[in-house]
Structure formats: C-alpha cells, structure tokens
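Novice: Residues in the sequence shown are numbered consecutively from 25, following the working numbering. Virtual Cβ for every residue (Gly too), placed ideally from N, Cα, C. The structure that follows is given in the form of structure tokens.
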Amino acid sequence: MSAATAGFSHPFVAHIPLKADRHTHLERQIPLPLVVNPDPDSDSLPHREVCFGVDKTVAVIGSGISGVCAAAHLLKHGLSVTVFERSDGAGGVWKFDERPPEDPPYDYRPPSYGDQHRIPTGAVFEGGNADLSNLEVRFAPPGPCYAGLKTNVPTPLMGTALGDWPEGSPASVSHSDALQYIRSLAKKSGLDAVTEFNTRVEDVRKTSDGLKWKITTVTMEKSDRIPGTRFTQKVRIFDLVVVASGHYNMPRIPQIEGLSEWKVSFPDRVIHSKRYRNPEKYRDQNVLVIGAGVSATDVCKELGDMSNKTFQSTRNGRFDLPASALPPNAIRVARVERFVPPETKSEESALGNNQPIPGSVILADGTVLQDIHQVVIATGYIVSYPFLPQLHSDTTIDANPDDELVVTSDGIMTHNLHKDIFYIKDPTLAFIGVPYHVATFSLFDFQAQALARVFAGSAKLPTEEEMRREYEERVGIKGRGRFFHSLVTPGHEIAYVKDLAEWVNSYVKGTGGIPMPTHSEEFLKEYEVLKTRLRGLYPEVAKGDGRSQE
Numbered sequence: 025m026s027a028a029t030a031g032f033s034h035p036f037v038a039h040i041p042l043k044a045d046r047h048t049h050l051e052r053q054i055p056l057p058l059v060v061n062p063d064p065d066s067d068s069l070p071h072r073e074v075c076f077g078v079d080k081t082v083a084v085i086g087s088g089i090s091g092v093c094a095a096a097h098l099l100k101h102g103l104s105v106t107v108f109e110r111s112d113g114a115g116g117v118w119k120f121d122e123r124p125p126e127d128p129p130y131d132y133r134p135p136s137y138g139d140q141h142r143i144p145t146g147a148v149f150e151g152g153n154a155d156l157s158n159l160e161v162r163f164a165p166p167g168p169c170y171a172g173l174k175t176n177v178p179t180p181l182m183g184t185a186l187g188d189w190p191e192g193s194p195a196s197v198s199h200s201d202a203l204q205y206i207r208s209l210a211k212k213s214g215l216d217a218v219t220e221f222n223t224r225v226e227d228v229r230k231t232s233d234g235l236k237w238k239i240t241t242v243t244m245e246k247s248d249r250i251p252g253t254r255f256t257q258k259v260r261i262f263d264l265v266v267v268a269s270g271h272y273n274m275p276r277i278p279q280i281e282g283l284s285e286w287k288v289s290f291p292d293r294v295i296h297s298k299r300y301r302n303p304e305k306y307r308d309q310n311v312l313v314i315g316a317g318v319s320a321t322d323v324c325k326e327l328g329d330m331s332n333k334t335f336q337s338t339r340n341g342r343f344d345l346p347a348s349a350l351p352p353n354a355i356r357v358a359r360v361e362r363f364v365p366p367e368t369k370s371e372e373s374a375l376g377n378n379q380p381i382p383g384s385v386i387l388a389d390g391t392v393l394q395d396i397h398q399v400v401i402a403t404g405y406i407v408s409y410p411f412l413p414q415l416h417s418d419t420t421i422d423a424n425p426d427d428e429l430v431v432t433s434d435g436i437m438t439h440n441l442h443k444d445i446f447y448i449k450d451p452t453l454a455f456i457g458v459p460y461h462v463a464t465f466s467l468f469d470f471q472a473q474a475l476a477r478v479f480a481g482s483a484k485l486p487t488e489e490e491m492r493r494e495y496e497e498r499v500g501i502k503g504r505g506r507f508f509h510s511l512v513t514p515g516h517e518i519a520y521v522k523d524l525a526e527w528v529n530s531y532v533k534g535t536g537g538i539p540m541p542t543h544s545e546e547f548l549k550e551y552e553v554l555k556t557r558l559r560g561l562y563p564e565v566a567k568g569d570g571r572s573q574e
C-alpha cells in the first residue's frame, strides 16, 4: 500500500462491514415473478411471456467486452438499454490504470464482501488531487491490467459480429489496442448515449410484486462549477437485468499460516497480482510468486531477467501451466506451507529497501526459502456479485447449493444458470461472460446474440423443469467447482456456440428473424492451431472433461 493510500482517511469512506443483513445466511427470501397464466395447459413459464419483448427495459451491469456485446445486441434487437459502469470509461479488464487498487483484506472474507467500499448517499468530499485519486480508487477499484499486458488469444479468434479488428492487427496486441477495439465497438453501436459512467450498482433485487427489478446505483459526480465530489444515489426500475461485471474483481487470498502477519509487517512487499503494474520494483530481488496459472506465469515472464531469482510456488493444480513456460531464472517449487515471521520486532522496522524480508518460507516438501524480497500472490479471484446479496450464501458450501443460490461460500463458480447465461429460477436475470478458458471476445459476443434474441422475444427458453434437468445433467458430468465453466477441452467452445445457435435458430426460422451465426471458417482454421497449443498447456484437461479436481 502506498503512503498516500495508507494516509488517506475520510468519514464518508469505509470498508463494507460484515453485517448479517448484508450477507445472506439462513434467511434468504427471493420474491419470484407473479404468475399470470392465461393458458393453464401451457408448458412455458408465464412470467417469461410477460417479461420478454422489444418493449422491455434492460439494465446491463459493466462495460467490458461482455457488457458492450450484451448492450449492443440488445439495442440492435430493439430493447431499451441502460449500461452502468463504475469507472470513467468502457474497456473492463483492458483499461490500464497505473494506480493499483487498494489491498484486499488478508483475513478471510466471504464472496458477498466483494471489492467495493460503501460511500453514503449525499456524501461530498473536498480535498487535494491525491486524496481525490484515492477516493476514485475506492469507488471504482482499478482492474489487474499491467503495463506490459498483451492478449494471449490470437486476434482472429477474438473478433465479434459488432466489428472486425483493424486490418493488419498482429496475432497478439497490447492492452491499449484491445481497449481501443472495445471502445470502437461501443461507439459504433451507440452505447455512449446509453451508458452511465462513474455509476456503481449497489443493489439489485425484485420489486415487491415480483414483476420487475429495482436497481440502486451511486454516481460519483465532479463539476468545474461546484467544488468537491458528490455521491448521488438513484433507484431505477427495469424489466430485465444483465450482469456483465467480469471475473477479476475480488482477489482470492489464500489462507496460509503467517501470510497475514507478513502483510502487516511488510505491507509493500506482499501484494496480490491485481496490484502488479510493472517489473521495475523487482529489479535484482528474489521474488516468490504464489500460483502457477496464467496470471502467475505472466508475472514470472515479466520479471524475466529483471529479478535476481523467481520462485513459483504451485499446488500442482490441473490448470497450472507447465514449468517450461517459465524464464531461465525462475524455479518451480512446492506449495507454501507457512510464512515464518522475523525472530525479533526490531528486524521488521529496520528493514531497508534492498534488504530481504528477515523471515523464511516453509514449503510443503520441507524446503525452506530465505532471503525473499517480494511476494506476489497470483491465486486468482473469487466469484462475487455483491449487488445481489440475496443470491449469495456465505454458509453454504459449493457442493451443496439449493436451486436459488448463485454464489456459495467457496466463490469458485456461478450456480444455477441455464447454458451459463440465464438464471434458471428467474431468467429475467442473465449473466454474460461466465465461461472461461475461451476466446473471450467472440464467445461472449455469441452469448450476447443468444441473450438478445431471448430478451426480445424472438427465441424462447425451455421450461424451468427442462432447464433444471439440463443443468443437473451437466453437473453430473463435470461436477461442481472451478472446472464447471471451463471450455478448455478442445472442441467444447465450438460445440457450445453451435448448441446456442441451433436452439435460438429453431425459433428464429419461423418468425422471419435474423438467424444467429456460428463460427466462421477463418475462426475454425485458427482454432485448430489453438487446440494444439491447449493440449501442450493443459495435457490432462485436454483429454476430456471428467470431474473437477480442485
């Protein structure tokens, strides 16, 4: 944590308290849509007929690539759309901000805690530029984009139906190029006129009659004419809601013995990878990177020859990248068992900039690491939708959710979605961007195309019973857990999109509507190349789905 951040204090800004009314334990109540069934023999859920159609209003939460695709296709199909984005511009994870987010708590926090700080309605803050910057970071925490971030999926696989990449784009592009592409799609699709930036969604729940959604937002407003920054709350009513808030919000901090003590003693030496921005501070130092997934390996590559030595600690998970992906000065080591604090307090306060941390790290195989200067925790993120507290349960384990929950205490998957999009219990709530290990831009665009046709009323969902049966069959095949949403197995992403298109088009053909396309020949050709790469990166996973092995 920087000195400026550590010194910032204001009565209007505080961490979200852990309160019973904010975290749903045993008293969850989810008002369902009112049933109005003109045809008692109908096998469709009546509220779908009532709530879907081009005359409906839709709230889209987030303006990263998933939110932009969702909003653009909804607009194209004639619905009234409002996009809420808590930062000052579209782009999501590809929006680089040299300011890192604040440190997450290093003691346990449940998924419903989220990554947002509460700011009371009507609060007005007047201060200098540094304090204002800290306030902005607290209101809309910057994402994990670092200075050297590039796409790791070839651009031919990341196109959308909304627009092509600029001619001549290389296979891998910088974060600024990806950001420009997303923003060009938003502008071209008319989203600038329907997006409320600097507006954070605080709460989403059904109205008392169960027919619509009540959304509470807080907007951060700055004006040249009126001094200070004002926070204004509004409550709006919508027919439909799309959650497109992304994967990379709430950092997952492993509960390793001694880690929180190291963080307290050496706050600038221990960070989550969401705060990583560039390798310069690690020059000639020994760095411990915890995790062996994509983010962890990217950090190791970034450090390259900059660090003296990099130790990458792994649990040997099924999504670990191979050690061959590491630079020459990086060493793959066993799981961290515990962090041993310094023997005396005086050693903590006397630590110089170039001195290693005067403690040791015990690994699971008994190895002891010493002379570590920096620790980067790259253990991923917790699934969290803090604006939907009634769909969270912080006391229910992942293996035993009921049919209403979306997030359980593990925070490793999004439960009860039909085709990873529609909330089965009430499909007027939908999610875009849940699958991973995919060609993100194109996959989310296909999801958005299917969503728009359903919300516009040109395609119909199965009955709740049919959606539930399909979902439970999938759980039986893949098991619950992190692997549930993964499409890493070669061919599964293609099959997923084909399934969406066949279902949607079975209705569109009879209405004279525009059929939903599937992958182009160019995509399929590039995908064959990607499959070979995936087999090398995830040899065990690529053999087939099987059950999740966390």
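1) Can you check whether the C-beta of residue 77 is within less than 8 Å of a C-beta belonging to chain D?
2) In this structure, does DSSP put residue 227 in helix, strand or coil?
3) When you compare only the Cα positions, how much space is there between residue 236 and residue 487?
4) Does the segment 266 to 275 touch the segment 405 to 413, meaning 3 or more C-beta pairs lie closer than 8 Å?
5) Please go through the same chain and pick out, in chain order, the residues whose beta-carbon is closer than 6 Å to the beta-carbon of residue 308, but skip the five residues on each side of it.
6) What is the C-beta distance between residue 262 and residue 224, in whole angstroms, given that I count them as a contact (C-beta under 8 Å)?
7) Counting only runs of 3+ residues fully inside the segment 150 to 207, write out the beta strand (DSSP E) ranges in chain order.
8) Cα separation between residue 260 and residue 226?
9) Look up residue 394 in the DSSP assignment and say whether it is helix, strand or coil.
10) Distance, Cα to Cα, residue 107 vs residue 85?
11) Give the DSSP-derived three-state secondary structure of residue 66 in the structure shown.
12) So, helix, strand or coil for residue 275, using DSSP?
13) What does a CB cutoff of less than 8 Å around residue 358 pick up in its chain, not counting 5 residues either side in sequence?
14) DSSP puts residue 84 in a beta bridge; with which residues?
15) Quick check on residue 557: buried or exposed, where buried means 16 or more other Cβ atoms within 10 Å of its Cβ?
16) Hey, out of 399, 193 and 230, whose CA is closest to residue 285's CA?
17) Would the beta-carbon of residue 512 fall within 8 Å of that of residue 483?
18) Along the alpha helix (DSSP H) that carries residue 319, what are the first and last residues, could you check?
19) Name the residue from 296, 510, 199 and 181 whose alpha carbon lies nearest to the alpha carbon of residue 172.
20) Determine the DSSP secondary structure at residue 415, reduced to helix, strand or coil.
21) Among 442, 418 and 312, which has the Cα closest to the Cα of residue 381?
22) With the cut-off set at 8 Å, would you say residue 93 and residue 468 are in Cβ contact?
23) Out of curiosity, what's the CA-to-CA distance linking residue 182 and residue 519?
24) By the DSSP assignment, the beta strand (DSSP E) with residue 338 in it spans what residues?
25) DSSP state of residue 521, grouped into three classes?
26) Contact between the segment 122 to 138 and the segment 206 to 218: three or more CB pairs below 8 Å?
27) Could you tell me the distance, in whole angstroms, from the CA atom of residue 247 to the CA atom of residue 367?
28) State the beta-bridge partners of residue 357 as determined by DSSP.
29) Taking one C-beta from the segment 428 to 441 and one from the segment 495 to 509 each time, how about it: are there three or more such pairs within less than 8 Å?
30) Find the nearest neighbour of residue 522 within the set 303, 343 and 466, judged by alpha-carbon distance.
31) Given a cut-off of 8 Å, decide if residue 123 and residue 161 are closer than it, judged by their beta-carbon atoms.
32) Helix, strand or coil for residue 507, going by three-state DSSP, please let me know.
33) Cα separation between residue 258 and residue 240?
34) In angstroms with no decimal places, state the Cα-to-Cα distance between residue 559 and residue 551.
35) Rounding to the nearest angstrom, what Cα-Cα distance links residue 471 and residue 422 in this structure?
36) What number of angstroms, rounded off, separates the C-alpha of residue 231 from the C-alpha of residue 342?
Specialist: Let me lay it out:
1) In the structure shown, chain D does not exist; there is a single protein chain.
2) It is a strand residue.
3) Answer to the nearest angstrom: the Cα atoms are 20 Å apart.
4) As far as the Cβ criterion goes, the segment 405 to 413 touches the segment 266 to 275, which means the pair count is three or higher.
5) The beta carbon of residue 308 sits closer than 6 Å to the beta carbons of 332 from its chain, once the five residues preceding and following it are set aside; these are given in chain order.
6) The Cβ separation is near 16 Å, so there is no contact.
7) Correct list: empty.
8) Straight-line measurement puts the Cα of residue 226 at about 12 Å from the Cα of residue 260.
9) Reduced to three states, the DSSP call for residue 394 is coil.
10) About 6 Å.
11) Note on residue 66: pLDDT 35, under 50, position unreliable in the model; no value is reported.
12) Strand.
13) Within the same chain, 337, 338, 387, 388, 389 and 391 come within 8 Å of residue 358 by CB-CB distance, once the 5 residues on both sides are set aside.
14) Residue pairing for residue 84: DSSP places it in a beta bridge opposite 107 and 266.
15) Exposed, since its Cβ has fewer than 16 Cβ neighbours within 10 Å.
16) Cα-wise, what sits closest to residue 285 is 399.
17) Contact: no.
18) Looking at the DSSP string, the run of the alpha helix (DSSP H) that includes residue 319 is 318 to 327.
19) That would be 199, whose Cα lies nearest to the Cα of residue 172.
20) Three-state DSSP puts residue 415 in a helix.
21) Residue 312 is the option with its Cα nearest to residue 381.
22) The Cβ atoms of residue 93 and residue 468 sit closer than 8 Å to each other.
23) Straight-line Cα distance between these residues: approximately 17 Å.
24) No beta strand (DSSP E) contains residue 338, which DSSP labels as neither H nor E.
25) In the three-state reduction of the DSSP assignment, residue 521 falls in the helix class.
26) No contact exists between the segment 122 to 138 and the segment 206 to 218.
27) Going from the Cα of residue 247 to the Cα of residue 367 covers about 53 Å.
28) Beta-bridge pairing links residue 357 to 337.
29) Pairwise C-beta distances place the segment 428 to 441 in contact with the segment 495 to 509, as three or more of them are shorter than 8 Å.
30) Measuring from the Cα of residue 522, the nearest candidate turns out to be 466.
31) At a Cβ-Cβ threshold of 8 Å, residue 161 and residue 123 count as neighbours.
32) Three-state result, residue 507: helix.
33) Those two C-alpha atoms are separated by around 6 Å.
34) Distance between the alpha carbons of residue 559 and residue 551 is about 12 Å.
35) Between residue 471 and residue 422, the C-alpha separation is close to 25 Å.
36) For residue 231 and residue 342, the distance between alpha carbons rounds to 43 Å.
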